[in-house]
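Position 60 of the sequence shown, counting from 1, maps to 59 under numbering that gives the first Met the number 0, and the rest follow consecutively. Structure first, commentary second.
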Amino acid sequence: MKRRLFSVLTVALALSLSGYRTVAEEKIKVVATIPDLADMARNIGGDLVDVHSIATGVEDIHAVPMKPSFAVLLNRADIVLLLGLEAEHAFLPALLEAARNPRILRDGPGYIDCSVYITPLEVPVRIDRALGDIHPMGNPHYNLDPVMGRDAARAIADGLSRNYPEHAATFKSNLDAYLVKLDAAIARWEKEAAPLKGRKLVSYHPDMIYFADRFGMEAAGTIEIRAGIDPTPGHIADLEDRMRREKVDIVVRELHYPAGLAETVAQATGAKLVELPAMTGGVPQATDYISFIDYNVRTMLKAVQGGA
Ligand SMILES: [Zn+2]
């Protein structure tokens with residue numbers, strides 16, 4: 000009798016454990032390289048997904064520090080989401096190799112490149128990594144343009160549906176609901192950003208071009224010589240001359256770049272210094288993709304409309 004009770008309990012326990020495990024396993028494990036994509040995946044996947052981001056948002060996307068825990072996360076992942084266009088070249092290929100998970104390798108079904116619907120700008124005619132080219136496929140910083148953010152969200156929904164066709168209807172309706180929210184925000188930003196039209200900016204790294212295009216600004220140069228190439232005194236002197244000539248009066252320092260040089264250039268030319276995050280999570284206010292774009296539009300507006 001005792002024995003029988005024991006075995007009944009054992010079976011019940013085993014069943015409840017396996018039941019528990021099934022629930023946990025049913026969640027699709029998504030790992031995104033950056034919080035922008037993680038936020039979109041949470042919106043599109045809803046209860047079906049468990050989402051982690053490798054970067055927290057304060058990093059340089061071209062140099063996210065690697066941790067062993069990222070390989071563990073990727074080893075268990077069903078899906079990896081990336082900005083693409085080689086933006087994650089400095090860390091993702093090595094992490095994917097360490098993760099030993101064929102599902103999410105470049106040609107695997109779980110590898111979702113969110114740039115598939117993007118037409119990149121600044122595609123080089125000649126690629127030369129030896130010269131330090133870190134934008135070999137064109138400019139990868141399209142996440143700063145919310146209309147391109149739309150395209151990334153679509154790529155995520157399509158990629159999830161390809162992997163889990165049984166949930167395609169849910170992904171589609173969640174995507175539609177998210178795009179309604181994002182489109183409303185885009186309409187508001189385009190209206191609010193009217194004072195930005197025609198304004199010229201210089202940024203530290205060439206990552207403001209899509210934002211500038213979207214809101215009618217002009218990206219007129221960078222403190223870096225080009226993507227990933229540190230400035231020289233000669234380059235800075237030329238840049239300052241050109242800024243004075245072309246009346247460039249905004250210097251953007253992306254928050255992961257050093258403050259000193261951007262401040263110096265702004266002071267030397269009488270331009271206003273604007274400090275912006277390059278990803279969701281880059282400032283405490285940018286808790287999700289919409290609040291990230293919101294922060295950038297408002298901060299730029301504040302700079303252009305005067306005040307301190
Ligand atoms: Zn870049």
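Think of the CB as a built atom: it goes at the ideal place given N, C-alpha and C, for glycine as much as any other residue.
Exposure label - residue i; buried when at least 16 CB within 10 Å
i: S114; result: buried
i: A270; result: buried
i: R198; result: buried
i: Y116; result: exposed
i: A265; result: buried
i: S52; result: buried
i: P257; result: exposed
i: A40; result: buried
i: T268; result: buried
i: S202; result: buried
i: S6; result: Because S6 carries a pLDDT of 48, less than 50, the predicted location of this residue cannot be relied on, and the following value inherits that uncertainty. It is exposed - the Cβ of S6 has fewer than 16 other Cβ atoms within 10 Å.
i: R20; result: Summary for R20: the model assigns pLDDT 45, below 50, so the residue's position carries little reliability; its value from the coordinates is reported in the next sentence. Result: exposed.
i: V50; result: buried
Start-to-end residues for the beta strand (DSSP E) that takes in residue i
i: L112; result: The sequence shown places Asp at residue 112, rather than the Leu named in the question. Where D112 is concerned, the enclosing beta strand (DSSP E) stretches over Y110 to D112.
i: R252; result: I249 to E253
i: I53; result: Element bounds for I53: n/a, residue is neither H nor E.
i: G220; result: E217 to T221
i: I27; result: I27 to A31
i: L324; result: A question about residue 324 goes unanswered here, because the residues of the chain that appear run from 0 up to 307.
i: L120; result: No beta strand (DSSP E) contains L120, which DSSP labels as neither H nor E.
i: L200; result: K199 to S202
Cβ separation of residue i and residue j, assumed to be a contact under 8 Å, to the nearest whole Å
i: L272; j: R252; result: 6 Å
i: I316; j: Y163; result: This structure gives no information on residue 316, because the portion of the chain shown stretches from 0 to 307.
i: N142; j: A151; result: 7 Å
i: G227; j: I133; result: 4 Å
i: L94; j: M65; result: 6 Å
i: T298; j: D38; result: With a Cβ gap of about 19 Å, T298 and D38 do not count as contacting.
i: A236; j: V250; result: No, A236 and V250 are not in contact; Cβ-Cβ is about 15 Å, not under 8 Å.
Range covered by the alpha helix (DSSP H) that runs through residue i
i: K180; result: A167 to E191
i: K301; result: Y288 to V303
i: L159; result: P145 to N162
> Could you give the uninterrupted runs of the alpha helix (DSSP H) lying entirely in the segment 67 to 109, keeping only those of 4 residues or more?
Replying inline: As far as the segment 67 to 109 is concerned, its whole alpha helix (DSSP H) runs of at least 4 residues are 67 to 74 and 91 to 98.
> Which parts of the segment 235 to 286 are runs of the alpha helix (DSSP H), unbroken and 4 residues or longer, counting only runs that do not cross its ends?
Replying inline: As far as the segment 235 to 286 is concerned, its whole alpha helix (DSSP H) runs of at least 4 residues are 258 to 268.
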